[in-house]
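**Student:** Quick mapping for you: the protein sequence lines, in order, are chains A and B. The UniProt record's numbering puts the first residue of the first sequence at 1, with every later residue one more than the last. The UniProt record's numbering puts the first residue of the second sequence at 1, with every later residue one more than the last. For each residue, glycine too, the CB sits at the ideal point set by N, CA and C. All of these numbers come straight from a predicted model, not from anything done at the bench. Mind having a look at this structure? Questions to follow.
2 protein chains.
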Amino acid sequence: MASPKGPQDNFGVDYVINYHTPSKEHAEAEAGYIELIKGLTGAGLATEVRPGNKEHLLIFVRIASPSLLAQQVYRSRLQDWLHGVRSTSPATDVSKTVEDEPVTEAERLRIAYLMITKPENEGGAGIIQGAGKWKYVKAVFPLHNRQFNHDWIKKWNTKYSLDLADLEEIRDKFGENVAFYFFFLRSYFRFLLAPAALGLAASFFLGQFSMVYAIGISLWSVVFFEYWKKKELDLAVKWGVRHVSSIQRARPEFRWDFETEDEVTGEPVRVYSPAKRLRTQVLQIPFAFACVVALGSLSVTAISLEIFINQVYTGPFKQYLGFLPTIILVVCTPILSTILMSTAKMLNDQENYATVDGHQSALVRKHFVLNFMTSYMPLLFTAFVYIPFGHVIVPLLEFWRRTAQTITFNKVPLPTQEFKINPERITNQMYYFTVTAQIVNLVTELIVPYVKQQAVAKAREFQTKGQKNDLDHPEEAALLKQAREECEMDEYNVTDDYREMIMQYGYLTLFSVAWPLASVCFLVNNFVELRSDAMKIATSARRPIPWRADSIGPWLPTIGLLSWLGSVTSSAIVFLCSRDKTNTDSTISQITAWGLLLNIVFAEHVYFLAQYVVRMVMDSFESPGRQQERKERFQMKRQHLQDTLGQDAAEIAAASGIETSEKITRAALEEEARQASSAGHASPAETFWQRQRGMQDTIDVGKHHMEQQQRNASPSCTEAAPTPSPRA
Amino acid sequence: MASPKGPQDNFGVDYVINYHTPSKEHAEAEAGYIELIKGLTGAGLATEVRPGNKEHLLIFVRIASPSLLAQQVYRSRLQDWLHGVRSTSPATDVSKTVEDEPVTEAERLRIAYLMITKPENEGGAGIIQGAGKWKYVKAVFPLHNRQFNHDWIKKWNTKYSLDLADLEEIRDKFGENVAFYFFFLRSYFRFLLAPAALGLAASFFLGQFSMVYAIGISLWSVVFFEYWKKKELDLAVKWGVRHVSSIQRARPEFRWDFETEDEVTGEPVRVYSPAKRLRTQVLQIPFAFACVVALGSLSVTAISLEIFINQVYTGPFKQYLGFLPTIILVVCTPILSTILMSTAKMLNDQENYATVDGHQSALVRKHFVLNFMTSYMPLLFTAFVYIPFGHVIVPLLEFWRRTAQTITFNKVPLPTQEFKINPERITNQMYYFTVTAQIVNLVTELIVPYVKQQAVAKAREFQTKGQKNDLDHPEEAALLKQAREECEMDEYNVTDDYREMIMQYGYLTLFSVAWPLASVCFLVNNFVELRSDAMKIATSARRPIPWRADSIGPWLPTIGLLSWLGSVTSSAIVFLCSRDKTNTDSTISQITAWGLLLNIVFAEHVYFLAQYVVRMVMDSFESPGRQQERKERFQMKRQHLQDTLGQDAAEIAAASGIETSEKITRAALEEEARQASSAGHASPAETFWQRQRGMQDTIDVGKHHMEQQQRNASPSCTEAAPTPSPRA
């Protein structure tokens, strides 16, 4: 682990730039360096340079002065207000703004990063890591606050239950983007208690493939999805970041065809032809097809081989051959997956999105589809091909037999046994994915990077021993050591952590009915995961740029999709497997197919209904977030009323609804009528309205009409009384 | 028809109150009358009274003065702004507000109505038609502008295609609520061209039960639904009424349990226990069950009897007995429907919603469910019971045979023929519903009220001949005649018109695959409907209160639901009926059930996919409404920037994005550093940042480090050069 404590508040360093100075390209690197420092200074950033690791410089950057910081904070908050992120506009006085609402570390770092990266015409230094003339800029990152990290990890490792304050700290240090992940993970972890309890009960009392468990999990997923949607909004309001996703960051890599003026605002807009983008997007279809073929044939090959070896084959070397399919999978899946993932990334880059968010969510979607295939295809194959159509795949197994014969040059038929469908297969797979895979994952995610980083650090220490470090000023030595260490670390990518959790959620909703204890495993795993992810950020990754976010972004629809699919697969698995348990010999009959479809249709529509009901019920409560929004709107409204109508009027208006009419006295009305009639010859309309002057006249005339009508109604008196004489 | 032209601008009358003065309750009516006039005057309304129809008074009401109107308009617009309906706050000067944006007739009438009906503590007169002490107030309505109506109807009746300006006029006269209906009807009418063309083509080339037509209609419904969602928003933005539904009108009939203070705003809130409401809402479940039983058994009785008589029975009186089921249906359906509808209304009143919108949409939902049952049940029965399970219902027909025998005392078996399923049945039903029902509907909707109204007017004219009307002032006679006529008219309820169109939409999406020409009929019908609905408002209904609306309200989800269901029923009908055409003898086999379910699952998911794709494509275009919103936000933003940062700064900021940094000169930076160091003993952090003073120092030191690293890298020179001496 890195040394537990760094220098107090890192000497106010906001960012460290790791600048590569390869000796072969000395002149170019030097020119770039000069431009870099000039750019940074021009954007209002103070710099200090120190030697870095081998052939690297460390450039320390901070915002030049507190007053510049204040001004930048003011502008950022003003923009937030204009985008509807804040309900109140910042005070007109810049310094008062900062006083009223102190600047958090995350806010300062975010603003500093924008100053470094924004284009020059928007007042930034325009530095894009690794691109074009900045190709020697290898990293731009903030330094960890080691004291905080140390306390944080210590606290979390000695606590069973994390409370909200623990997560708020993350927000102040690493930004809302990371905080949302931890908050999501915590909510998910707590929600998992219910399926874990259900899973325990089910595995003791109901066994596998229990319809009760399937319904339970499906309802749980509906409630969790709707709960999180609300919670996400609440958090966004609480953190003051609602609608922050509407402030789109321009993607520096965006290539535009032409610049035009926005019809509405007259601002320059960079346009990339939508037709061109669509043409690239259409490539996703053959790509998806290729993925299905590649990953599908890999799965089918491995699984059918495995079935053949384990369940049909009884020839020689059976104990060794049993490992063959696993080896094929273990070797080929990561290779294929890497190729496909990078192809997806390339495709996504080609789609050339204008904003960081657009780019990111398109990439997440593509990666999710790939992950879906690699992770769930084996289980889907077992559930929907192997179990119902087990006997149909026998010809395929025949192929393996012939291959085996060719290879072994064995002309006599290989000894085989009769094939039987084993519904337990899906359980074993689930066991593998939940227990084995999670442990492997924990190791690769946490321990491997740590060991690697330690090894690199040791190697470098040995290599550079007695060279530069001794020349560091003693009071700076700790800071420089820390910066050099962190240059070697990987960037932290919250997307990977989300993906892991969402895929786990998918196993839970789609397949856990085959092994209800999976939810218990996930509960345990996530207890560790919460802490290990914290540890990962604190000790083996660079400090992330504290971006803001108002939701978990593209993962929310993904959760919805997995919940929906889960309702279908769970009930289908129950139907297929519990049926086959009692009747293992029969192939699927027509009546079963009919039942299966009815089952799926029914389960899916129960899911829709449950979703509708849960949504209705949840909407009938006012969440704290909505309440806070309403409060802010009310305060803004009262403030405005005070400004517009004066203090007293505002109090009256607030007390009795906004629309209080002015009282009209009879005297005023009559006066007005008289003025109108004396102003000249009266029109018919004026005459009409002046027949009865004021309230009392109307009352009297009305009474008179009533009496007259009564007289008309009684047959004794048919003659009409005269109407009161007109006055005009 | 009423006389074509009324007095010019109705003498400025805003509202007419029709006040009942029954001679038996003379004292009470008189006291109420006095209170009424006092209340109106207190709220700032001028009144004139005239004799009305028999035992009624006509009270003419207008806002007392232009300045009061201006003030009320100002307050209303201010409230709109605070609710986010307008993006710009009205000018602080009241009279300028009205000058900048003239008050339309609809706006004035809406405000006047609020002044009449708002509770007294909010500055209104608190008059609720027919309730409590206002039980003699029979109607509060604005007078028609007969000149406008006359021109409107004339124009529409001589035009084939209605353009936007025609509809905008409706908005100015009758408010957005009515305008939205006409706009929806126009859009729906135009969209119908596609299914009508498809239907024509299908009936010529493909025949009934064509899968191509089913897919076409399903896709069309997806596109129409998504299009209307966008269009609705665009219109709301264009008319400046977006988010207007968030300004909730309190429902005067609301009964509250207790008053409490709002936690957030401190305003008094009237609370009705949600548990109590839920208890009432739960009653909907047995109610729905009762409806299904009542309407279902009626349908089943009539249909089975009809099938028995037409297709099995061959005994005596067959030609007369054939009418029996129709008579049963025609007599019983309206009776049952009326009972159920009023029960639903009663239930809804019991649910005691606090706002008009909440009440209205709950009622619409209930009525829709009832309409769904009465309208679609016969067709659903035919499609999903009669056709697939025709032979299963033979025992039921046996019951009719026995009943017939009992009644006719005929002991010999009745002569019957063998029962055959006739898929054309659904076509005949569709024909009945589209052609016959639409014509009947047109007659009851337009001609009956007109005749009734004319008859009543003639009768009254005859009755009151020579009595009061001669006493009217000659210049007022036309106005008073008009007001008396309009007192006799029905209130216009836009909900009924919506319901008719939505039910038609349902026939189209759910069943038109059985008779593709239905869409052509609907097209023709709606051409007439657009004009006849206009005629209905103009000539046979009271002028509606011009409420605002920002959408078609609860009908939007209903359209979505019908489109969804349509995808399922259409494909199912195609599957069932085209199969049975070739194979009329067989009852449904297992393989057909399997196929049917697969068909339904497939169709439904194709629908979901199409919806997703259409939504994606539509979202990628910026609609005019969104563009206008963006424009308003931009202008507001520029305005604010001008106010905050001054004219020049705003221009610069607007030209180059909002965040322009201040440029930091090197001199300023150095000066600051010097000041910091001279201010006392420097901390390690201060020392760190002062080692390199300004840009040039950093550049020089960096260059030095680079050279040194290069020397280190080259093996010939291993000794390190000294770092530049620190300056602090």
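Looking at C-beta atoms only, is the number of pairs between the segment 563-574 of chain B and the segment 376-388 of chain B that lie closer than 8 Å three or more?
**Tutor:** yes
**Student:** Quick one: is B:LYS703 near chain A, going by C-beta distance under 8 Å?
**Tutor:** The residue you call residue 703 of chain B lines up with position 703 of the second sequence. It does: the Cβ of B:LYS703 has a partner Cβ on chain A nearer than 8 Å.
**Student:** Give the secondary structure of B:TYR353 by DSSP, where H, G and I count as helix, E and B as strand, and everything else as coil.
**Tutor:** Along the second sequence, one-based indexing puts residue 353 of chain B at 353. In this structure, B:TYR353 counts as coil in the three-state DSSP scheme.
**Student:** Provide the residue span of the alpha helix (DSSP H) that contains B:PHE204, from first to last.
**Tutor:** Taking the second sequence and counting its residues from 1, one reaches residue 204 of chain B at position 204. Note, B:PHE204: premise wrong, no alpha helix (DSSP H); not H, not E.
**Student:** Put B:ALA653 into one of helix, strand or coil per three-state DSSP.
**Tutor:** The count along the second sequence starts at 1 and reaches residue 653 of chain B at position 653. With a pLDDT of only 47 at B:ALA653, under 50, the local geometry of the prediction cannot be trusted, and the value read off the model is given with reservation. The answer is helix: DSSP assigns B:ALA653 an H, G or I state.
**Student:** From B:ILE664 to B:GLN692, what does the alpha carbon distance come to, in whole angstroms?
**Tutor:** Mapped onto the second sequence, residue 664 of chain B falls at position 664. Mapped onto the second sequence, residue 692 of chain B falls at position 692. Because B:ILE664 sits at a pLDDT of 48, beneath the cut-off of 50, its placement in the model cannot be relied upon, and the following sentence gives the value as read from the coordinates. Whole-angstrom Cα-Cα distance: 16 Å.
**Student:** So, for B:GLY216: in the same chain, excluding its five sequence neighbours on each side, which residues have a beta-carbon less than 7 Å away from its beta-carbon?
**Tutor:** In the second sequence, residue 216 of chain B corresponds to position 216, counting from 1. The answer, listed in chain order, is LEU198.
**Student:** Whole angstroms are fine: how far does the CA of B:ASP234 sit from the CA of A:GLU604?
**Tutor:** Sequence index remark: in the first sequence, residue 604 of chain A carries index 604 (1-based). Sequence index remark: in the second sequence, residue 234 of chain B carries index 234 (1-based). Straight-line Cα distance between these residues: approximately 34 Å.
**Student:** Closer than 8 Å by C-beta to A:CYS521: which residues in its own chain qualify, once you throw out the five before and the five after it? Chain order, please.
**Tutor:** If you number the first sequence from 1, residue 521 of chain A lands on position 521. Taken in chain order, the residues that qualify are THR434, VAL435, GLN438.
**Student:** Per DSSP, which one or two residues make a beta bridge with B:PRO268?
**Tutor:** Locating residue 268 of chain B in the second sequence gives position 268, counting from the first residue. BP columns for B:PRO268 point to B:GLU261.
**Student:** Taking Cβ-Cβ distances shorter than 9 Å, what residues in chain B pair up with A:LYS536?
**Tutor:** Sequence index remark: in the first sequence, residue 536 of chain A carries index 536 (1-based). Those within 9 Å of A:LYS536 in chain B number zero; the least Cβ separation is about 29 Å.
**Student:** For B:ILE63, write down the residues that DSSP places opposite it in a beta bridge.
**Tutor:** Against the second sequence, residue 63 of chain B aligns to sequence position 63. Answer by DSSP bridge pairing, in chain order: B:LEU45.
**Student:** If you draw a straight line from the alpha carbon of B:LEU446 to that of B:CYS291, how long is it in whole angstroms?
**Tutor:** Position 446 of the second sequence holds residue 446 of chain B. Position 291 of the second sequence holds residue 291 of chain B. In this model, B:LEU446 and B:CYS291 are separated by some 29 Å (Cα to Cα).
**Student:** Are the segment 244-251 of chain A and the segment 354-371 of chain A touching, with three or more C-beta to C-beta distances below 8 Å?
**Tutor:** yes
**Student:** In the structure shown, what three-state DSSP assignment does B:PHE141 receive?
**Tutor:** As a first step, residue 141 of chain B is located in the second sequence; it is residue number 141 there, counting from the start. In the three-state reduction of the DSSP assignment, B:PHE141 falls in the strand class.
**Student:** Give the DSSP-derived three-state secondary structure of B:ASP490 in the structure shown.
**Tutor:** Position 490 of the second sequence, counted from the first residue, corresponds to residue 490 of chain B. Shown here, B:ASP490 sits in a strand according to DSSP, grouped into three states.
**Student:** Under a Cβ-count criterion, where at least 16 other Cβ atoms within 10 Å of its own Cβ denotes burial, should B:ARG279 be classed as buried or exposed?
**Tutor:** Position 279 of the second sequence, counting from 1, holds the residue named residue 279 of chain B. By the 10 Å Cβ count, B:ARG279 comes out exposed.
**Student:** Closer than 7 Å, Cβ to Cβ, to anything on chain A: give me those residues from the segment 599-610 of chain B, in chain order.
**Tutor:** ILE600, VAL601
**Student:** Determine, using beta carbons only, whether residue 735 of chain B and B:ALA43 come nearer to each other than 8 Å.
**Tutor:** No information on residue 735 of chain B is available, as it lies outside the stretch 1 to 728 that chain B covers here.
**Student:** Within the chosen definition, does the segment 511-531 of chain A reach the segment 196-213 of chain A through at least 3 CB pairs nearer than 8 Å?
**Tutor:** yes
**Student:** Considering A:HIS473, what are the terminal residues of the alpha helix (DSSP H) in which it resides?
**Tutor:** Stepping through the first sequence from its first residue, residue 473 of chain A is reached at position 473. Segment: none, A:HIS473 is in no alpha helix (DSSP H) and carries neither H nor E.
**Student:** Pull up the distance between the alpha-carbon of A:ASP349 and that of A:ARG255, whole angstroms please.
**Tutor:** Position 349 of the first sequence, counted from the start, is the residue given in the question as residue 349 of chain A. Position 255 of the first sequence, counted from the start, is the residue given in the question as residue 255 of chain A. Distance between the alpha carbons of A:ASP349 and A:ARG255 is about 10 Å.
**Student:** Restricting to runs no shorter than 3 residues, where is the beta strand (DSSP E) found entirely within the segment 49-125 of chain A?
**Tutor:** Taking only runs of at least 3 residues, the beta strand (DSSP E) segments lying wholly in the segment 49-125 of chain A are 56-63.
**Student:** Might you give, ordered along the chain, the residues of its own chain that have their beta carbon closer than 6 Å to the beta carbon of A:ASP166, omitting 5 neighbours on each side?
**Tutor:** Locating residue 166 of chain A in the first sequence gives position 166, where the first residue counts as 1. Same-chain partners within the cutoff: there are none.
**Student:** Identify each residue in the segment 101-121 of chain A for which the Cβ-Cβ distance to at least one residue of chain B is less than 8 Å, and report them in chain order.
**Tutor:** LEU114, MET115, LYS118, ASN121
**Student:** Let's test the definition: count the other Cβ atoms within 10 Å of the Cβ of B:VAL16 and tell me whether it reaches 16, buried, or not, exposed.
**Tutor:** Your numbering for residue 16 of chain B matches position 16 in the second sequence. It is buried - the Cβ of B:VAL16 has at least 16 other Cβ atoms within 10 Å.
**Student:** Taking C-beta pairs closer than 8 Å, name the residues in chain A that B:SER620 reaches, listed in chain order.
**Tutor:** For this step, residue 620 of chain B is matched to residue 620 along the second sequence. Within 8 Å Cβ-Cβ: PRO274.
**Student:** Note down, in chain order, all residues in the segment 188-205 of chain A with a beta-carbon under 7 Å from any beta-carbon belonging to chain B.
**Tutor:** none
**Student:** Whose Cβ in chain A lies nearer than 9 Å to the Cβ of B:HIS26?
**Tutor:** Your numbering for residue 26 of chain B matches position 26 in the second sequence. The contacting residues are MET706, GLU707, GLN710.
**Student:** Just checking: is the beta-carbon of A:VAL137 within a distance shorter than 8 Å of some beta-carbon in chain B?
**Tutor:** The residue you call residue 137 of chain A lines up with position 137 of the first sequence. It does not; no Cβ of chain B falls within 8 Å.
**Student:** For chain A, is any of its Cβ atoms less than 8 Å away from the one on B:PHE11?
**Tutor:** Start at 1 with the first residue of the second sequence, and residue 11 of chain B comes out as number 11. At least one chain A Cβ lies under 8 Å of B:PHE11.
**Student:** Interface residues of chain A around B:ILE37 at Cβ under 8 Å?
**Tutor:** Working through the second sequence from its first residue, we reach residue 37 of chain B at position 37. Within chain A, the residues near B:ILE37 are MET695, THR698, ILE699, GLY702.
**Student:** Quick check: what's the CA-CA separation for B:GLU259 versus B:PRO274?
**Tutor:** On the second sequence, residue 259 of chain B is found 259 positions in, with the first residue counted as 1. On the second sequence, residue 274 of chain B is found 274 positions in, with the first residue counted as 1. Our two residues, B:GLU259 and B:PRO274, have alpha carbons roughly 14 Å apart in a direct line.
**Student:** What number of angstroms, rounded off, separates the C-alpha of A:GLU99 from the C-alpha of B:GLN710?
**Tutor:** Position 99 of the first sequence, counted from the first residue, corresponds to residue 99 of chain A. Position 710 of the second sequence, counted from the first residue, corresponds to residue 710 of chain B. Straight-line Cα distance between these residues: approximately 48 Å.
**Student:** For a contact meaning CB atoms closer than 8 Å, what does A:ALA29 contact in chain B?
**Tutor:** In the first sequence, counting from the first residue as 1, residue 29 of chain A sits at position 29. In chain order: MET706.
**Student:** Exposed or buried, B:ARG110, counting other C-beta atoms within 10 Å across all chains shown (16 or more means buried)?
**Tutor:** The residue labelled residue 110 of chain B in the question sits at position 110 within the second sequence. The residue in question, B:ARG110, is buried, as its Cβ has 16 or more Cβ neighbours within 10 Å.
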